[in-house]
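S.K.: Supplied in structure tokens, the structure appears directly below.
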Ligand code: NCD
């Protein structure tokens with residue numbers, strides 16, 4: 014039985030297969046409409062979500078399966094003091110697969126160690142968010158036709174942004190990727206990540222101003238400042254509008270640069286950019302459903 018905790022749990026070859034499957038699902042959805050008949054996914058969300066939870070639920074419904082779960086820790090027995098380990102043993106009796114989001118780093122891993130069904134990490138604190146990364150990679154692969162030879166800028170909250178951590182991990186396995194990290198000093202990417210890049214000989218730069226480097230980027234990955242992970246509101250207020258991507262800044266960007274964002278967006282991308290053909294963050298959401306369908310089929314060994 015396999016779980017998904019980190020994008021590196023799948024080899025590059027396995028990811029390729031997953032993306033091929035997702036692309037076939039996009040083209041021939043009817044072929045997959047009953048593949049999960051009689052199967053259930055449990056979505057156990059101890060932390061807020063719109064896209065990820067509903068995307069998993071839509072994915073399972075598109076496959077002919079059904080959904081159980083909770084979307085708030087307060088409506089689960091966590092509010093009575095139940096541990097994640099006990100909860101997953103119970104959920105294992107009800108469902109065939111589980112997607113779990115939790116504010117604590119490592120929670121999904123603890124669940125997986127006690128589970129008798131596949132567990133998917135749907136975000137653990139400021140640590141990892143592998144299915145967002147699968148979504149990001151499928152979007153890039155579909156729209157650019159490749160996952161190598163890119164200069165990618167990651168901008169915003171690189172310290173707490175788990176989607177950023179997972180994406181860097183995943184992209185570090187492809188050829189000729191040059192990272193540019195764009196963040197205020199306080200929100201720099203964690204040392205363990207830059208150390209990993211140095212060890213692997215992967216080039217990266219760290220800059221503060223987006224305007225200084227936007228013209229060099231093939232991909233721009235914007236993120237929101239992660240308010241819920243700050244220790245005090247004052248710091249959040251000071252940093253929340255540090256970056257605002259607007260039409261003016263986009264004038265300097267390459268004609269075929271893609272703007273990605275895991276969403277939710279707060280102020281970091283002005284709505285005037287939404288009509289720019291380079292803005293693909295809403296397309297990204299659709300790719301998220303296809304890739305989660307492919308992932309459910311793969312983990313349930315139905316392909
Ligand atoms: C992200 C997350 O939860 O980490 N959202 C998502 O799942 N698409 C990004 C964020 O909340 O900023």
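In the working numbering, the protein residues as written are 14 to 316.
All C-beta atoms in this analysis are idealised placements derived from N, C-alpha and C, irrespective of residue type, glycine included.
Since the structure is predicted, the reported quantities are computational estimates derived from the model, not experimental observations.
Please classify residue 209: does DSSP put it in a helix, a strand, or coil?
M.R.: Note: residue 209 maps to helix in three-state DSSP.
S.K.: Please state whether the Cβ-Cβ distance between residue 32 and residue 154 is less than 8 Å.
M.R.: The answer is yes: Cβ separation under 8 Å.
S.K.: Measuring CB to CB, does residue 97 end up less than 8 Å from residue 61?
M.R.: No; because the gap between Cβ atoms is not below 8 Å, this pair is not in contact.
S.K.: Around the ligand NCD, what residues have a beta-carbon under 7 Å from a heavy atom of it, in chain order?
M.R.: Ordered along the chain, the selected set is 62, 64, 65, 136, 142, 145, 174, 175, 176, 236, 237, 239, 275, 276 and 277.
S.K.: By the three-class DSSP mapping on this structure, what secondary structure does residue 18 have?
M.R.: Coil, per DSSP.
S.K.: Output needed for residue 20: all residues of its chain with C-beta closer than 6 Å, excluding positions within five of it in sequence on either side, in chain order.
M.R.: 143, 146, 179, 182 and 183.
S.K.: Tell me which residue opens and which closes the alpha helix (DSSP H) that residue 98 is part of.
M.R.: Here the alpha helix (DSSP H) through residue 98 covers 97 to 104.
S.K.: Taking C-beta to C-beta, are residue 71 and residue 316 nearer than 8 Å?
M.R.: Against a cut-off of 8 Å, the Cβ pair of residue 316 and residue 71 comes out as no contact.
S.K.: From residue 124 to residue 279, what distance separates their C-alpha atoms?
M.R.: Taking the straight line joining both Cα atoms gives about 31 Å.
S.K.: When you compare only the Cα positions, how much space is there between residue 161 and residue 148?
M.R.: In a straight line, the C-alpha of residue 161 is about 16 Å away from that of residue 148.
S.K.: According to DSSP, what are the bridge partners of residue 164?
M.R.: Partner(s): 191.
S.K.: Tell me which same chain residues have a C-beta within less than 6 Å of the C-beta of residue 79, skipping the five on either side of it?
M.R.: Closer than 6 Å at Cβ, skipping near neighbours: 53.
S.K.: Whose C-alpha, out of 75, 109, 195 and 93, is nearest the C-alpha of residue 82?
M.R.: Ranking the options by Cα distance to residue 82, first place goes to 109.
S.K.: Take residue 219 as the anchor and find which of 164, 238, 248 and 266 has the nearest alpha-carbon.
M.R.: Minimum Cα distance to residue 219 is reached at 164.
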